[in-house]
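Quick notes on the structure that follows.
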Amino acid sequence: MNQASALMNTITTPNEYKQAYQQSVEDPEKFWAGVASDFLWRKNWDQVLQWDFAKPEVKWFDGAKLNITENCLDRHLLERGDQTAIIWEPNDPQEDHITITYNELHQRVCQFSNALKDMGVVKGDRICIYMPMIPELAVAVLACARVGAIHSVVFAGFSSSSLADRINDASCKMVITADGSYRGEKIVELKKITDDALQSCASIEKVIVVKRTGKEVNMQENRDVWWHDAIDDMADTCEPEVMDAEDMLFILYTSGSTGKPKGMVHSSAGYMVYTNYTFRNAFQYQDGEVYWCTADVGWITGHSYILYGPLSAGAVTVMFEGVPSYPDMGRFWQVVEKHKVNIFYTAPTAIRALEKADLSFVEKYDLSSLRVLGTVGEPINEEAWHWYDKNIGKGGCPIVDTYWQTETGGFMISPIAGITETKPAFATLPMPGVQPALMDKDGNEIGGNAVEGRLTIKFPWPSMARTIYGDHERFKQTYFSAFEGKYFTGDGAKRDEDGYYRITGRVDDVIIVSGHNLGTAEIESAIDEHDKVCETAVVGFPHDVKGNAVYAFVICYQAPSDEDTLRKEILETVSDIIGPIAKPDKIQFVGGLPKTRSGKIMRRILRKIASSDTSNLGDTSTLLDPSVVDEIMAGAIN
Ligand code: PRX
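Here our numbering is used: the first residue of the sequence shown is 3, the next is one more, and so on.
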């Protein structure tokens, strides 16, 4: 690596950030070619970038050939084969943790890749992964990538019906799951949920099942295979499938403001280059440091910043099976002390929940190994930021508030740890390669500082999603039609007098609850499935731990005789159709909804009622029947 590329690849001073950013905007192709030169390619690219946001079509490193797992595993073996790649910390602190070196991870991935091939998996097949946070999950993801199969990880908190929808949307050929998963004191019967889902999934040929809880499960002959049997006798080397730069690496579903979840498609080369670059730089990862991202691999954060980013950088990455509250609210800090974690990355909702617990849960543990703290998933409020800074970082750890999305694949706006001066609740400045633009409602870019608008990105970055699986038109409509020639994030943002960005939250009908995206339309249609329910409107309202919570206004065919029982049934319906994360916090039975003469629900009014902010409801004159507003206000749940 020459000096110029060293400068572009690794930012070590505020000035280098400025230079890297400037280069990335002035000559993006040169900049990203410099970053990409550090990877293992089977063939170099013909062209760094081709793009047209009108179609939309984006290609990075076209013509190049690679396999991402060679970059995450093989290329580290000579230098750091015996170094720990993954530290796995179980749900139960009494159970032993496991460390897996790069050599071992390579062997396990190869072995399972051979098992997949043996079972007929070929390049391009879609494989659904519905697993607990156990080492086999990392192995399964990487093995899919090694054989060129497209993984679709479904968070193991989703219901059988959500799982079935995702399997069917991508016509997956196989599911990899486990007998069950431990979540604090609970056991979730993953295999049973999978079996229920598969009753309506014709494309599935095989199911691989990891034994985790040891609880008895049904194994269907000719379809279900135990993981340990599948890998038995398999060789522990496996030639990787050589992939094209733009070949699909994975599909990951995210909720939208309308309709069913969107299967975001990520490609191989651009995703690899960008997640590696942003991981190393934003966290300022130093060789040998222990890095812990508390997310689940079922979400994009786990894909990009537990697995692909850290592993491609040869890092030590912690995978945690449990929850922050088990066996008590000190668990995160116990794990930090136990594994001497240097970089700790979590969600604001977790910080707020831990903030509510007694400080003695923090003070019991030695957190002096910590060097950098991170947050992701939703805006962090200033109070939580200060609590994190003072009590966890002891005032000495930079906080990187990383703003990004499932769709963006990697960080968009984030401080560079210790280099970018931080401000509480600000995601601060764009990563190199990211060109944000704030837009007004009429589609004009808002220039200058101390302004607020809708956040768009006006130039492609390597890890952006390429399409929605099976629905390119929806991709175009959702992200590229609101503002011509720009990618629209769906978020609002402020840019302050220093050019720093503060994300203000969603401007569409997506609600972020405990860091999880939920589409109002999806919850409404789940509630409507209850046979007593006629119509529903769902809105978000502020919640001091979850960030936002869900408020449902429900019209029944007949006024319910027992509201509490019906509420319970509705919660069960939502849990069955989507999963427990989507359960409304409040359900109010109403006789009507505030609709305009054209039949559109005025959600603005419902949001105000849900937030107990009814002093000024704004103009209600266009409502078909303004009296419903008084009726709803009278019955509002505070
Ligand atoms: O509203 C933004 C919020 O989370 C959304 C993306 O959610 P998801 O695709 O599930 O990905 C979450 C993990 C990357 C965004 O549109 N969001 C994410 N990070 C932040 C944030 N809002 C404010 N500050 C953040 N740091």
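Built from N, CA and C at the ideal position, the CB exists for glycine as well.
Based on the DSSP output, what are the partners of Pro438 in its beta bridges? Answer by DSSP bridge pairing, in chain order: Ile459.
Just to check, is the beta-carbon of Asn519 closer than 7 Å to a non-hydrogen atom of ligand 1? Under cutoff, so the answer is yes.
In the DSSP assignment, the beta strand (DSSP E) including Met414 goes from what residue to what residue? Careful: Met414 lies outside any beta strand (DSSP E) and carries neither H nor E.
Is Tyr502 closer than 8 Å to Leu431 when the C-beta atoms are compared? Yes, these two residues count as a Cβ contact at 8 Å.
Can you tell me the Cα-Cα spacing of Lys548 and Asp48, whole angstroms? The alpha-carbon atoms of Lys548 and Asp48 are separated by roughly 47 Å.
Unbroken stretches of the alpha helix (DSSP H), 4 residues or longer, contained in the region 301-377: Positions of the alpha helix (DSSP H) runs, each at least 4 residues long and wholly inside the region 301-377, are given as 311-314, 333-341, 350-358 and 362-365 in order along the chain.
Who are the near neighbours of Ser269 in its chain, counting only those whose CB is closer than 8 Å to its CB and skipping five residues on each side? Result list for Ser269: Trp62, Ala247, Glu248, Asp249, Met250, Leu251 and Arg468, in chain order.
Ser527 versus Arg185, Ile557 and Lys32, residue with shortest Cα-Cα distance: Out of Arg185, Ile557 and Lys32, Ile557 has the C-alpha closest to the C-alpha of Ser527.
Leaving aside the five residues before and after Glu2 along the sequence, list all residues of the same chain whose C-beta is less than 6 Å from its C-beta, in chain order. The structure shown has nothing for residue 2, since the chain only spans 3 to 640.
Find out if the Cβ-Cβ distance for the pair Ala117, Ser162 is shorter than 8 Å. Between Ala117 and Ser162, the CB-CB gap reaches or exceeds 8 Å.
What separation, rounded to the nearest whole angstrom, lies between the Cα atoms of Asp500 and Lys20? For Asp500 and Lys20, the gap between their C-alpha atoms comes out near 14 Å.
Shortest alpha-carbon distance to Lys217 belongs to which of Asp181, Trp90, Ala66 and Thr239? Looking at the Cα atoms, Asp181 is the closest of the given residues.
For Phe477, does the three-state DSSP call read helix, strand or coil? Phe477 carries a helical assignment under DSSP once its states are collapsed to helix, strand and coil.
What are the boundary residues of the beta strand (DSSP E) that includes Met221? Looking at the DSSP string, Met221 is not in any beta strand (DSSP E), and its letter there is neither H nor E.
Boundaries (first-last residue) of the beta strand (DSSP E) holding Asp493: From DSSP, the beta strand (DSSP E) with Asp493 extends over Tyr489 to Arg497.
Residues in the same chain with beta-carbon distance under 7 Å from Glu31, minus the five sequence neighbours each way, listed in chain order, please. Same-chain partners within the cutoff: Val50 and Leu51.
From the DSSP output, in three-state form, read off Val515 for me. Secondary structure of Val515 (DSSP, three-state): strand.
Under 8 Å by Cβ, that's how I've got Met236 and Glu207 pegged, so tell me the actual separation to the nearest angstrom. No, Met236 and Glu207 are not in contact; Cβ-Cβ is about 19 Å, not under 8 Å.
Note down, in chain order, each residue of its chain lying with its Cβ closer than 7 Å to the Cβ of Ile513, except the 5 sequence neighbours on either side. Setting aside the 5 residues that flank it on each side, Ile513 is surrounded in the same chain by Leu520, Thr522, Gly542, Asn550 and Val552, each with a C-beta closer than 7 Å to its C-beta; the list follows chain order.
Beta carbon of Tyr273, beta carbon of Phe285: below 8 Å? Using a Cβ distance threshold of 8 Å, Tyr273 and Phe285 do not count as a contacting pair.
Could you check where the beta strand (DSSP E) with Glu537 kicks off and where it finishes? From DSSP, the beta strand (DSSP E) with Glu537 extends over Val535 to His545.
Pairing CB atoms from the region 335-344 with CB atoms from the region 378-390, are three or more of them under 8 Å? As far as the Cβ criterion goes, the region 335-344 does not touch the region 378-390, which means the pair count is below three.
On the criterion of 16 or more Cβ atoms from any shown chain inside 10 Å, does Thr196 qualify as buried, or is it exposed? Taking a 10 Å sphere around the C-beta of Thr196, we find 16 or more other C-beta atoms and assign the residue as buried.
Does ligand 1 have even one heavy atom less than 7 Å from the beta-carbon of Glu565? Taking 7 Å as the cut-off, the C-beta of Glu565 does not count as close to any heavy atom of ligand 1.
Close beta carbons around Gln508, own chain, < 7 Å, minus the five adjacent residues each side: Per the sequence shown, the amino acid found at residue 508 is Arg instead of Gln. The residues are Gly492, Asp493 and Ile514.
Just to confirm, are Ala145 and Ser115 a CB contact at a threshold of 8 Å? Cβ atoms of Ala145 and Ser115: closer than 8 Å.
Looking at the unbroken alpha helix (DSSP H) that takes in Leu200, where does it start and where does it end? Where Leu200 is concerned, the enclosing alpha helix (DSSP H) stretches over Leu192 to Leu200.
Give me, in chain order, the residues of the same chain whose beta-carbon lies closer than 6 Å to that of Asn93; leave out the 5 immediate sequence neighbours on both sides. Setting aside the 5 residues that flank it on each side, Asn93 is surrounded in the same chain by Tyr184, Glu323 and Gly324, each with a C-beta closer than 6 Å to its C-beta; the list follows chain order.
Ignore the nearest five residues each way along the sequence and tell me which others in Glu384's own chain have a CB closer than 8 Å to its CB. Excluding sequence positions up to five before and after Glu384, its CB lies within less than 8 Å of the CB of Pro426 and Ala427, all in the same chain and listed in chain order.
Specify the secondary structure class of Cys130 as computed by DSSP and reduced to three states. Strand at Cys130.
First through last residue of the alpha helix (DSSP H) which encompasses Gly272: That run of the alpha helix (DSSP H) goes Ala271 to Ala284.
Pro381: CB within 7 Å of a non-hydrogen atom of ligand 1: Yes, Cβ of Pro381 sits closer than 7 Å to a heavy atom of ligand 1.
Could you check which residue in Lys194, Ala142, Pro134 and Gly593 has the C-alpha nearest to that of Met221? Here the closest residue by C-alpha is Lys194.
Have a look at Ile607 and Asp632 and give me their C-alpha separation to the nearest angstrom. Taking the straight line joining both Cα atoms gives about 11 Å.
Excluding the 5 residues preceding and the 5 following Lys119 in the sequence, name in chain order all residues of the same chain whose CB lies nearer than 8 Å to its CB. Correct list, in chain order: Val149 and Cys240.
Which residue wins for smallest C-alpha separation from Lys496, given the options Arg456, Gln590, Tyr471 and Asp533? Of the candidates Arg456, Gln590, Tyr471 and Asp533, the one whose C-alpha sits nearest the C-alpha of Lys496 is Arg456.
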